[in-house]
Amino acid sequence: MRTRTRLLAGAAVAVLGVTGLASPATASPALRDPSLASFQGRTIDLSKSWEGAQVCAVLSLSEVRCYASNSEASADLASRITSTGTPRDAAGPIGTLAWHGCDNDWLCIYEHADFGGRKLQFSDEYWHDLDEWGFVDMTSSWVNNQGGSWTGCSGSDSGTLGDGAGNNRTMTDCTASANLGSYNDKAEDIHG
29 MRTRTRLLAG
39 AAVAVLGVTG
49 LASPATASPA
59 LRDPSLASFQ
69 GRTIDLSKSW
79 EGAQVCAVLS
89 LSEVRCYASN
99 SEASADLASR
109 ITSTGTPRDA
119 AGPIGTLAWH
129 GCDNDWLCIY
139 EHADFGGRKL
149 QFSDEYWHDL
159 DEWGFVDMTS
169 SWVNNQGGSW
179 TGCSGSDSGT
189 LGDGAGNNRT
199 MTDCTASANL
209 GSYNDKAEDI
219 HG
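For the sequence shown, the residue numbers in our numbering are 29 to 220.
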């Protein structure tokens, strides 16, 4: 009798669980295409074309914003709130701690050597496939302006460029490389 009661109770829980999963209120949201970004009031697919954008900032897994210039990007990003709920420029005025056009709290990769060309920037800690943003095999220089503050670098916010074959290049916080040498145009993914 005790086993039968447990089986009936288990079946009731299973039915309620399935019913709950099927309801529209608990349905999982549709997955976002990571290559989509907002630019000048419209949505663009970065895997196909940047459509004139010069800077794209990956704000989260669900939000990428692009800009026509570095100054436009800096102005907009300064007003954004970080995932911790503090203004992005809490460590100091954004731009004051900018380095080679890479604002405080960002890891930036550039299309050309000497920090030139289009710029793609990150401020999070997960792996990204650069093909999603039309930037695979296009990184020629980088700046890691994360981990710094008025008192100096923390030494704990490194980034990594990967070439897809297991060869990685570490980008220690508060460092930069104007030319990637033999690693030029070989990055396929990045961890920020």
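The C-beta atom is built at its ideal place from N, Cα and C for all residues, glycine as well. Treat the numbers as computed from the prediction; the structure is a model and nothing was measured.
In three-state DSSP terms, what is W161?
Note: W161 maps to helix in three-state DSSP.
Going by the beta-carbon positions, is the gap between T167 and L208 smaller than 8 Å?
yes
Of the residues C202, R197 and K76, which one's Cα is nearest the Cα of N225?
Missing from the structure shown is residue 225; the chain here goes from 29 to 220 and no further.
Are the segment 62 to 70 and the segment 138 to 146 touching, with three or more C-beta to C-beta distances below 8 Å?
no
Let's see if you can read the secondary structure: which residues bound the beta strand (DSSP E) around Y196?
In the sequence under discussion, the amino acid at residue 196 is Asn, which differs from the Tyr named in the question. Unbroken beta strand (DSSP E) run through N196: N196 to M199.
If the criterion is Cβ atoms closer than 8 Å, does the pair K214 and D185 meet it?
K214 is not a Cβ neighbour of D185, given a cutoff of 8 Å.
Using C-beta distances below 6 Å, list every residue in its chain close to W170, excluding the 5 sequence neighbours before and after it, in chain order.
I137, M199 and S205
Are I218 and L158 close, meaning C-beta to C-beta below 8 Å?
With respect to the 8 Å criterion, I218 and L158 are classified as neighbours on the basis of their beta carbons.
Considering only DSSP beta bridges, list what W170 is partnered with.
I137 and S205
So, at 6 Å on beta carbons, what are the nonlocal neighbours of V86 in its own chain, with the 5 sequence-adjacent residues on each side left out?
V92 and F150
For K147, list the residues DSSP reports as bridge partners.
DSSP lists V83 and Y138 as partners of K147.
In this structure, does DSSP put L74 in helix, strand or coil?
coil
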